[in-house]
Structures are given as structure tokens and as C-alpha cells.
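Written below as C-alpha cells is the structure these notes are about.
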Amino acid sequence: MSQTSRWILIAAVLVGCGNQEGSGPPQPGVGGAGAGGTGGAAGGAAGNATGGAAGSATGGAAGSGTGGGGTSGSCGSTLDADAACSKYAASFCAYFGKCAPELLSDFDSNATCVERSRLRCMVELDAPGSRVKPALYVAAADIYDATSCEPIYSFKNPLAGILESSDACGQAGTLADGSACYVDQQCAGMICSVPKGAACGTCTSLGQLGDACEVDADCDDAHYCVGLKCNARLGLGQTCGANPQCGKDAHCASGTCQPRLGVGGTCALDSDCESGLVCGASKQCKKPSLGTTNAPCAPLELLSCNGFLGFKCDSNTMTCIKAAKAATGQACGLQGSVYVACADAATCVLKPDLTGTCVALAKEPASCNLDMGPECLSPAVCAAGSCVIPDKSTCP
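Everything in the sequence shown is counted per this note's numbering, starting at 11 for the first residue and increasing by one.
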């Protein structure tokens, strides 16, 4: 999975304006940092991402985004891989089914979620170079079982730091940068960058000063991307021109990097506010409203309605309503001024004008087409026109 896809924040869903494609919820991988900006766990609340929910967590268990939020997990379990993955898959699907079902919209049922999540877990444990242990997935399951929805709703990863807590959980992979890979867990740098349309990628690391990049997420927390190179973020009090130039706990105000603002602070952007807060319609930092049925809302305010639960803000009534979804074969994407997502187990294949058609996700060994659809149901990937499960044979 490419670093540029890591925990992309889909603002249209979070403000309740309908679902778009994004990344899925956190898995107990070995990824380094969560996404920059607003934070890890909010990324991809649009759900409906091909490979989303069961996909390897970009940022994974070790990825902190803007901080953790779950309870501690112990890696003392002696369950074997099969039992550990079964336990993990059941807890993972139950947690996100309760807190953020939009992140599971690749799946047509809880049973499918459990089946595919268990398969993903087995792929990650069996991958050459992977040093994560079955106990890691048991610990992740225990965290999901004991954690409220609050971390997700505060842009935090419930699994943040789990791999770093004990060698009993496992360690980063053994494969050096440049080695062939298919999951993050194989790589010493904790990132496997897989090109579109391929089953096999290359181990890489988050960029440091001077390294090539395309977006900020390609660089580590101490750097941001400008001019296709990672540049050092600025310290408090240093002269700046935009928020990304400042450290993750700072924003650019009146030309210098200043601490991000707490509740009630005057803001222009969500990134002006402390982690877990949004810039409200009144231009003050606040906790997300997370409105549900008939709650008053502001169409342009992040999480004014609870996009994780499928709510959006109706701009006519200014109240939260359930977002309608299109069935397989129906029109999706930008329909007039509204983005229409696909129902579960389908993805919106978009045209250049951002209109599209819902196409059901395919399982291995079915044919696939990343441009015209169908795409593949994770952990399968579309490679050479067919859905395949990455393994030692597809990426020797």
C-alpha cells in the first residue's frame, strides 16, 4: 500500500456531504506514522474504499496519527495464528460495525467482514520477513473489545503504539528498503509501496530531509513536502506561510508557528485546532458535533453529522439525515451538487467528470479492471487483470 494513500481524510464524508472513496480503519500492522493533518482514525470515514476495511492499516498499530486513544493490550497470548486471526477478525468487525460501519462498506455482511479480515491477518503473519506475532492480533482484539468509539471520533487510532509496547508483539520486518514486498509488515521501514495494478511492491521508509515526495504523508512527522522534496517543519516562533510548515502540534498564525488552539480559539481551518477538535461554523475550535437523525447541522463543518455512522447534513433543512446510497449498476459519484456513494460491497467507478456507476467488488480469481471495474475485495488486489491474494508466489 502506498504511503500516499495512508489515512487520507475524506472531508466530504466527515462534514456529512456523502461518501467518497478512502482508506479503511486501523489494523494491527507495523506502520510508522498515521496521517498528518487532522489525524489517523478519521481518515477514510467515507468507507466504500476498495480494499478499505480489511486493508493493511497504513499507520497500523504503531501509527499514532495525532495520538492514541485505546486501552492497553497485552501480547502474552499463546494462541496460534489461525485462532488469533479468528479472534481478531471478530473483534475488529464488531468494533467498527458499532462505531464506524461506513468504514466497513466494502463488505455485504458481518460474516464477509470476518472472513476477509481473518484472511488479511493470515497473509500478514505468513509474509516473508514479517516478524509480527499472533499475540499482536489477540492484543488488538482485546483493545477493540474494551474501547469505546471515542478514539475514532476524536481522530485517533485505538491501536496506536501496540507494536511498540513489547517485543512479545513482534517487531518491524526484516526486508530492507528496495526489497520486494506485498504488505507493510515485511519491511524494516514499515512501508510496502505497491504500484496501482500490481501485487508486488517495494519496501520504503517515510521520507526525511531532502528525500523525494509527492504529498506530506510521504515524509515523516518532522518534515513536510514542498517542491517534491521533504523539508524540515518549523519550530514554535519561526516564520511561516502555511500550517503544513509548522510542527504537528502547531499552526501558522500571523506569520509565525504557534501552538494549535483549544476549545473556543478563533480558527480558520481545522488544522488550527488541537487534535480531536474541529473549526466550527462559528470559526471557533470545538469538539465534533457528530449529529445523528434530525440533529441541527452546518454543511461545511467537519463531522457536524456523524459520517462514520452514515449521516450527512441536509443543506435544505440544516438537519442530519442518513445519506442515500446507490445500488450496483446505478449512478454514483457527483450527481448534481451531491456526491452519491455506493451501497455495501460495491465501488463507484468514476469518469473524468466525477460521475460514475456502482460496480460490485470481485473476489479472487475473478477478472478485474482498476479503470472500468470491477475492483477487488481486500485483501485481494487487481494484478494483470485478475484478483489475487498476495503471497510468496506473487511476490517472490
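For each residue, glycine too, the CB sits at the ideal point set by N, CA and C.
According to DSSP, T365 sits in a beta bridge with which residue or residues? Answer by DSSP bridge pairing, in chain order: G343.
Would you mind sorting E160 into buried or exposed? The rule is 16 or more other CB atoms within 10 Å of its CB. By the neighbour-count criterion, in which 16 or more other beta carbons inside 10 Å mark a residue as buried, E160 falls on the exposed side.
I need the straight-line Cα distance from C27 to V348, nearest angstrom please. At C27, the pLDDT of 33 sits below 50, so the modelled position is not reliable; the number obtained from the coordinates is stated separately. So the alpha carbons of these two residues sit roughly 7 Å apart.
Is the number of C-beta pairs between the stretch 201-220 and the stretch 228-248 that are closer than 8 Å three or more? With a cut-off of 8 Å, the stretch 228-248 and the stretch 201-220 count as touching, because enough Cβ pairs lie within range.
On a Cα-Cα basis, can you pick out the residue from P205, G211, L185, G207 that is closest to G199? When only C-alpha atoms are compared, the closest one is L185.
Here's the rule: buried if 16 or more other CB atoms are within 10 angstroms of the residue's CB, otherwise exposed. What is G211? G211 comes out buried.
My guess is that Y105 and C131 are in contact by the Cβ rule of under 8 Å, so how many angstroms apart are they, rounded? That pair is no contact at about 15 Å.
State the DSSP-derived secondary structure class of A150, mapped to helix, strand or coil. Residue state, collapsed to three classes: helix.
Cβ of C330 within 7 Å of Cβ of C315? It is a contact, given that the beta carbons lie within the stated cut-off.
CB contact below 7 Å: A170 versus chain B: Judged by its chain identifiers, the structure shown contains no chain B, having just a single protein chain.
In three-state DSSP terms, what is T266? Strand at T266.
Which residue comes first and which comes last in the beta strand (DSSP E) that contains F321? Where F321 is concerned, the enclosing beta strand (DSSP E) stretches over 321-324.
What would DSSP say about Y349, mapped onto helix, strand or coil? Here Y349 sits in strand by DSSP.
Between the beta-carbon of A336 and the beta-carbon of V359, is there less than 7 Å? Cβ atoms of A336 and V359: not closer than 7 Å.
Grab the span of the beta strand (DSSP E) containing L360 for me, first residue to last. Boundaries of the beta strand (DSSP E) harbouring L360: 356-360, taken from the DSSP string.
For G139, collect the residues of the same chain with a Cβ closer than 6 Å to its Cβ; drop the 5 residues on either side in sequence, then sort them by chain order. Close CB contacts of G139 within its chain, under the 6 Å cut and outside five residues either way in sequence, are with G183, T184, L185, Q196 (chain order).
Identify the residues that DSSP records as bridge partners of L185: which are they? L185 pairs with C197.
Excluding five sequence neighbours on each side, which residues of the same chain lie with their C-beta closer than 7 Å to the C-beta of P298? In the same chain as P298, and ignoring 5 residues on each side of it, the C-beta atoms closer than 7 Å to its own belong to Y163, V288, L312, L313, in chain order.
Less than 6 Å between C-beta atoms, sequence neighbours within five positions excluded: which residues of the same chain meet that for L244? Same-chain partners within the cutoff: C250, Q255, C256, C267.
With distance defined between alpha-carbon atoms, name the residue in G274, T303, C307 nearest to K293. Comparing Cα positions, the closest option is G274.
Taking just the CA atoms, how far does A376 sit from Q340? Straight-line measurement puts the Cα of A376 at about 22 Å from the Cα of Q340.
Where V40 and S396 are concerned, what is the direct C-alpha to C-alpha distance, given to the nearest angstrom? With a pLDDT of 40 at V40, under the threshold of 50, the predicted position of this residue should be treated as unreliable, though the coordinate-derived value follows. Roughly 28 Å between the two C-alpha positions.
Can you tell me the Cβ-Cβ gap for G320 and K332, rounded? I've got them flagged as a contact below 8 Å. Rounded, the Cβ-Cβ distance is 6 Å, consistent with contact.
Between the alpha carbons of D136 and C109, how many angstroms are there, rounded? If I take the Cα positions, the gap works out to 30 Å.
Residue of G188, V124, T88 minimising C-alpha distance to L146: The residue with the shortest Cα to Cα distance from L146 is T88.
Can you check whether the CB of G180 is closer than 7 Å to the CB of K143? Yes, the Cβ-Cβ distance between K143 and G180 is below 7 Å.
From the DSSP output, in three-state form, read off Y192 for me. If DSSP states are grouped into helix, strand and coil, Y192 belongs with coil.
In the DSSP assignment, what residue or residues form a beta bridge with Y234? Y234 is bridged to N241.
Counting pairs of beta carbons, one from the stretch 200-209 and one from the stretch 231-239, are three or more of them closer than 8 Å? They do not touch, by the three-pair rule.
Just tell me which of D354, D401, A393, T404 has its CA closest to the CA of L114. Nearest option by C-alpha distance: D354.
Taking the straight line between their C-alpha atoms, what separation do you get for T404 and A394? Cα-Cα distance, rounded: 11 Å.
Going by other Cβ atoms of all chains shown within 10 Å of its Cβ, with 16 needed for buried, is P306 buried or exposed? The residue is exposed, with fewer than 16 neighbouring Cβ atoms inside 10 Å.
Within the continuous alpha helix (DSSP H) that includes C223, where are the two ends? Careful: C223 lies outside any alpha helix (DSSP H) and carries neither H nor E.
Per-residue DSSP class, three states only, for V391: Three-state DSSP puts V391 in a strand.
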